[in-house]
Amino acid sequence: MSAKTKLPENHYVNTEPFDARSIEVMTPEQEKVFLASQMKLMWWKFKRHKLAVASGLFLLLLYTMTVFAEFLAPFSLDSRNSKYIYAPPHSIHLYHEGEFIGPFVYDYDRELNLEKMQRIYTPNKDRIIKLEFFCSGDEYYFWSIIPADNHLLCADIEKPVYLLGSDRLGRDLLSRIIYGARISLTIGLVGIAISFTLGIILGGLAGYYGGWVDLVVQRLIEVVQSLPTLPLWLVLAAIMPASWSPILIYFGITVILGLIDWTGLARAVRSKLLSLREEDYVLAARLMGASPSRIIGLHLVPGFMSHLIASATITIPTMILGETALSFLGLGLRSPTVSWGVLLNEAQNIDVVALTPWLILPVVPVILVILAFNFFGDGLRDAADPYG
Amino acid sequence: MLLYICKRVLYMIPTLVLISMLVFFLIELPPGDFFESYVNELLAAGETVDPKHIEFLREEYGFDRPLWERYIKWVSGLPFGDFGWSFEYELPVREVIGDRLFFTIMVTFFTIIFTWLVAFPIGIYSATHQYSWGDYGLTFLGLLGLATPNFLLALIMMYLANQWFGTAIGGLVDPEYIDQPLSWAKVLSVLEHLWIPVIVIGTSGTAAMIRRVRANLLDELRKPYVTTARAKGVPETKALMKYPFRMSLNFFIADIGSILPQVISGAEVVAIVLSLETTGPLLIQALQSQDMYLAGSFLMLLGFLTVIGVLISDIALAFLDPRIRLQGGVSR
Amino acid sequence: MIGLGWKYLIRAVCSGLLFVVIAISAQAAEIPFFQEKIDAGKLPPMAERLPDDPLFIDFEAEKKIEGKYGGDLKLLMGKAKDIGQITVYTYARLVGYATDYSLKPDILKSFDVKEGRQFTFRLRPGHRWSDGHLLTAEDFRYFWEDMVKHPKLGRKGVPAEMLVEGKEPTFEVIDHLTVRYTWEKPNPAFLPALAKPSPLYIYRPAHYMRQFHEDYADATDLLAWVAYAKTRDWTGLHTRMQRQRRPENPDLPTLQAWQNTTRPPSTRFVFERNPFYHRVDSAGKQLPYIDRVIMTIVSKDVIPAKTGTGESDLQARYLRFDNVPFLKQGEEKGKYKTHLWALGKGSQIALFPNLNTNKPQWRKLVRDVRFRRALSLGINREEINEAIYFGLANPSANTVMPQSRLYRAEYASMWTDYDRERANSLLDEIGLTERAGDGTRLFPNGDRVEITIQSSGESTEETDVLELIADHYREIGIKIFVRASQRDIFRRRAYSGDTVISVFNGLDNAIPSAQMSPKELAPTAQPQLQWPKWGQYLETNSKAGEPIDLDEADEQLGLYHKWMSVTSYNSKEEVWHKMLKNYADQVFSIGTVNNSRQPVVVSKDLRNVPEKGIYAWDPTSYFGIYKPDTFWFDR
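Residue numbers (the numbering used here), protein chains in the order written: chain A, -10 to 377; chain B, 5 to 336; chain C, 1381 to 2015.
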């Protein structure tokens, strides 16, 4: 390697301390990589997956929106106008008869058609409703404490603007989607938290101890996995006491979703632990007298945490879809609680598809969120193995 | 090897017993029983019900016996193919399920074929062109099927097929062919209906399949032997198809376990929306009306098939990979 | 004397002539469906198949036109057990309701009631089961002696409608075509029970059923049958083989117009015409006109969609008012018409304050008639009608519909004006004067007057109406929440008293005549959501539930007992009116609208289906009283 070494007889030993870097000089870039923490490496890797980054940002935005739902929704949840039942989405115009007057919509004329038994709406070019922003509308309690009445887009329920149309009671679909996001978006998070905890604990025990603990956990996993998910949800949802308030039912459903999902994680944890516990550093820790929980919690789990998070991210969509499926079967959440599942369930008939297709729109956020979670999760997973 | 198989088969027994207990317990857990929901259904339709009659029925079907007694009675019939009685259909459970098995197997078979046909090319392309726009685009397409709630997709496709091609709504065959002997016209009618459920159910599975093909293939492609092959000038296709692709297929064998129960469970929600004559809607209905032996035996059957499936894939994998034999088996 | 003799002679000659005419015309028009079998000698010609005096349907009076034979009537059903609807639709009963809701003999040639307690039934001579065996008194005896009174088969006990104060009738066979049932006291429930959509069957095809009966059948044959049917013993076999309401056994002889030919499990059931059916059209041609009824079982969610593409010839089941625009849109392409019939419920959606609720504060409140009246006055029924029912329904209390002979406008309008002021002042009067910051009234102890209304979640219609009502009630300072739970749980909660107010449909029989029982207006059964415990008390002979401790409800029960004991139509009518008036004035349940519309989709070619009708379970038996055996295809 070095030029200064000589033959064995005539040993020349350099007394200078050896500096490896003097031989292999790293470029600043290389240096950055080698010195970077694992988190940093993962972040770099993650950044390369552009779609994942975009998805992550999109999700962040959506979750922020749920916090400000009252402000973002033009109407409050139960504001309705029975003169505008099944009104189609308003289209936004900027120019009226060639003249620019800012964003506005034309008010509808309604006609009851007894022949077709439909309400027919036609835009009336003489009645202009201008869109106004940040002004007063329906009153609400922000975070159920602060009374307020400001909305991003305000509209008067007497002269309503339905950007995504209205439903069978004349309620604004856009507002309902925004409110519904609260439940639909969080249900996956809470569910995953439950399945995560269960998965790590049970999988951890099985993987670390092995033997009969492993055997029992393995059987348990096998039993849970051998039952089809949907019927299981169905049965569990039917058990929930009717006296529960909607909030409790909501939590009940997340628990159900989580209870069935933990097996996959437990499996992953177990097999990872099985291989990791043979590593030298675990033996070292054990010899130094570390307790099993310390070894699992401090030394083993961090080793594959990123992996777990990534695979968890990918199962969130299953939960969101699970909620819609439960609503479809009439279990789980029901109107008047609003979630995307409930909204879709209401749109789940041929009349809607044929006559009022805008009511299917809640499917758009569902699709987007699931796509985003998938890409985000993919990115995370690729990044979780930063040296790969 | 024989010892390993023996061990695995023995392990099945406690699992099956556990499953049967869990199933029975779960089915019993919701408040009320079939007769109560039967009465309430009659009431909802406006009928009057003689409470005495219901008591009689409960007694007749042994619902006045304690829970464990009914469990023993039910479970002891299972190994002999006696699945109990369906109250809703007033028939032995076996006949009710058996009637629908054919269509269910058919739908599942075509769905699996469809999934493979779509997932493989996309998966291979995505793995070989990682992070390209093609990768993103195709994965996106695959995911779209997963992301759209099945029941809505089924409904919309059913409606459009009817509007555009005049396909009769719902079912797997036009009503006039039900109970008819197999004929060319019947087959055509089935094919005309079959593609919607196959696409709807299939698309929801392709995303996962694509992802697995892609991930497995990527893992394989990073291995040194591939680099060596490339370096030695093996043509790109051969370098891909000869070993890496084959190796990445291992997970298929591990997958048999999940395919078996699928064959008879048959995507419940889609089947309900499309009114397919498969077993899925049967199961959901049975659960909802608390037709407990139908639901219970059905779940048990599914559980049994999963366990068998896992067993088969474990044995197959053990044949392929001696390491597993020694370690005591991977399951899926 | 001579005059009388002449009269008889003329009558005899005339009827003889008529008979000849009928016989000739009948011979001329044999049913094509049977022609082959008749030619092969397997079936006698029409004149021999009909009873000696068949039941003539008066086409002129029912505004029907004579039709021609043939065709398949396709129907869609949502469940395997819906095949029982065939017995509801075809509606051949011993006695049945005519279109004016009076009881008329149908399978019976005549019936005779003495003192309301002795019923004598005469059968039609020559009337045959669908397999050609004669229908005789033996078939009635078999039911009573070999089934009800049999020590093993009869464990189920005597049917409730055949008990008066716990006592059963004496049964006599007068001659081979006449039977008699005699009770000690009047049994007004007996005839209506025979005419119900799911009727009391007091006869069985004895010649067929004997082969499954221990007392008659050969023991080894019976064992073989039991093994074949996989039942526990012969009683199970007997029960399974004799089911009339759910005609799953294709071999079971029937008296209905069509007989099942498909053995379950199946998703398509074919019913073929009964060659020995007892009704004829005004020209004397044997009914039904339609050869086969075909029921396809599909999932109920696709039924509106399938109907909208013309896959059903006659469909109302599983269609709802919300489907109407879609159905109207498809008329041209699907070759059908969408008729809008009136839905026969006392109120489409009604609120039931639970007088047996176990929350003391609330019990006191809902038992205060002023509170119930205020709740009724506080509903804006016009808005509900406009928003949900397209303005086609009638705002009304939960009472009989105008189509009923017992209807009086005051019953429908009592306490149903939208009058917020009055409602508010009634509530103030009760002492709910304090209000919280958001306007919700407070109990004297400071609790908020917030009600969770329990719903069985059957339809979105229910939640929608409640959403409107919630807005209306906000104006009178009452806050309501809606909780939808499964049907079973919903019922349980109401029965146990956990529920304060439940929501369900109103009176099941909204077009009664005085002959029909007014039991829905009094605490007589547990399923009555406004007083489940009192109802249970009566139903179980005081073994369970609670005795009535509210005078107004007790008065209703007293009136009901009175109805049971009086025999003349007029005095029954009088009792009915008293009960209806009390019920409306006491607002035992709070109605919204009735007479809302039920879409009835009818194939363009199908004749004799009325454009306007009442769609109800009881007493019209859905299509039953409109006689589907007279429907025919003009193709």
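Don't be surprised by glycine CBs; every beta carbon is placed ideally from N, CA and C.
Source: prediction; values computed, not measured.
Let's see if you can read the secondary structure: which residues bound the alpha helix (DSSP H) around residue i?
i, result
"residue 1910 of chain C", "From DSSP, residue 1910 of chain C is part of no alpha helix (DSSP H); its letter is neither H nor E."
"residue 17 of chain A", "17 to 24"
"residue 7 of chain A", "It is not in any alpha helix (DSSP H) - residue 7 of chain A carries neither H nor E in the DSSP assignment."
"residue 1741 of chain C", "1740 to 1746"
Looking at chain A, is there any beta carbon in it that lies within less than 9 Å of the beta carbon of residue i?
i, result
"residue 170 of chain B", "no"
"residue 42 of chain B", "no"
"residue 31 of chain B", "yes"
"residue 160 of chain B", "yes"
"residue 272 of chain B", "yes"
"residue 1685 of chain C", "yes"
"residue 154 of chain B", "yes"
"residue 1848 of chain C", "yes"
What are the residues that DSSP puts in a beta bridge with residue i?
i, result
"residue 1650 of chain C", "C:1674"
"residue 1587 of chain C", "None; residue 1587 of chain C has no bridge partner."
"residue 1818 of chain C", "DSSP, once it has assigned bridges, lists no residue as partnering residue 1818 of chain C."
"residue 2012 of chain C", "C:1987"
"residue 1968 of chain C", "In the DSSP output, where bridge partners are listed per residue, residue 1968 of chain C has none listed."
"residue 1476 of chain C", "C:1484"
"residue 139 of chain A", "A:125"
"residue 1732 of chain C", "C:1882"
For residue i, decide whether its Cβ has a neighbour in chain C, counting only Cβ atoms nearer than 9 Å.
i, result
"residue 68 of chain B", "no"
"residue 100 of chain B", "yes"
"residue 312 of chain A", "no"
"residue 126 of chain A", "no"
"residue 99 of chain A", "no"
"residue 337 of chain A", "yes"
Specify, as a first and last residue, the run of the beta strand (DSSP E) that residue i falls within.
i, result
"residue 1827 of chain C", "Where residue 1827 of chain C is concerned, there is no enclosing beta strand (DSSP E), given that its DSSP letter is neither H nor E."
"residue 1859 of chain C", "1859 to 1864"
"residue 1721 of chain C", "1716 to 1723"
"residue 128 of chain A", "121 to 131"
"residue 1502 of chain C", "1498 to 1503"
With a threshold of 6 Å on Cβ separation, who are the neighbours of residue i within its own chain once the five nearest residues in sequence on each side are excluded?
i, result
"residue 109 of chain A", "100, 102"
"residue 91 of chain B", "38, 295"
"residue 1402 of chain C", "With a pLDDT of 49 at residue 1402 of chain C, under the threshold of 50, the modelled position of this residue cannot be trusted; read the value that follows with caution. Around residue 1402 of chain C: 1664."
Which residues in the same chain have their Cβ closer than 7 Å to the Cβ of residue i, if we skip the five residues on either side of it in sequence?
i, result
"residue 1687 of chain C", "1456, 1695, 1699, 1707, 1981"
"residue 112 of chain A", "95, 97"
"residue 188 of chain A", "251, 254, 255, 258"
"residue 197 of chain A", "262, 266, 281, 285"
"residue 228 of chain A", "none"
"residue 1765 of chain C", "1771, 1773, 1775, 1973"
Just to confirm my understanding: we take residue i, look at its own chain, exclude 5 residues before and 5 after, and list those with CB closer than 8 Å. What are they?
i, result
"residue 1483 of chain C", "1475, 1476, 1477, 1571, 1572, 1575, 1895"
"residue 1891 of chain C", "1481, 1724, 1780, 1781, 1783, 1784, 1994, 1996, 1999, 2000"
"residue 81 of chain A", "92, 93, 94, 120, 152"
Is residue i close to chain B? Criterion is C-beta to C-beta, closer than 9 Å.
i, result
"residue 1555 of chain C", "no"
"residue 217 of chain A", "yes"
"residue 171 of chain A", "no"
- Report the residue ranges of all beta strand (DSSP E) runs contained in full by the segment 1404 to 1458 of chain C; include only those spanning at least 3 residues, in chain order. Counting only unbroken stretches of 3 or more residues, the beta strand (DSSP E) elements lying wholly within the segment 1404 to 1458 of chain C are 1452 to 1457, in sequence order.
- Task: Go through the segment 1866 to 1897 of chain C residue by residue and report every complete run of the beta strand (DSSP E) that reaches 3 residues or more, in order.
- Result: Counting only runs of 3+ residues, the beta strand (DSSP E) found wholly inside the segment 1866 to 1897 of chain C occupies 1881 to 1884, in chain order.
- Task: Give, in chain order, every unbroken run of the alpha helix (DSSP H) that is at least 4 residues long and sits entirely within the segment 36 to 99 of chain B.
- Result: 38 to 48, 55 to 64, 71 to 81
- Query: At what residue ranges does the segment 72 to 107 of chain A contain a whole run of the beta strand (DSSP E), taking only runs of 3 or more?
  - Reply: Listed in chain order, the complete beta strand (DSSP E) runs (minimum 3 residues) inside the segment 72 to 107 of chain A are 82 to 85, 88 to 102.
- Task: Could you pull out every unbroken alpha helix (DSSP H) segment of at least 4 residues lying fully inside the segment 211 to 282 of chain A, listed in chain order?
- Result: Listed in chain order, the complete alpha helix (DSSP H) runs (minimum 4 residues) inside the segment 211 to 282 of chain A are 218 to 228, 235 to 265, 269 to 276.
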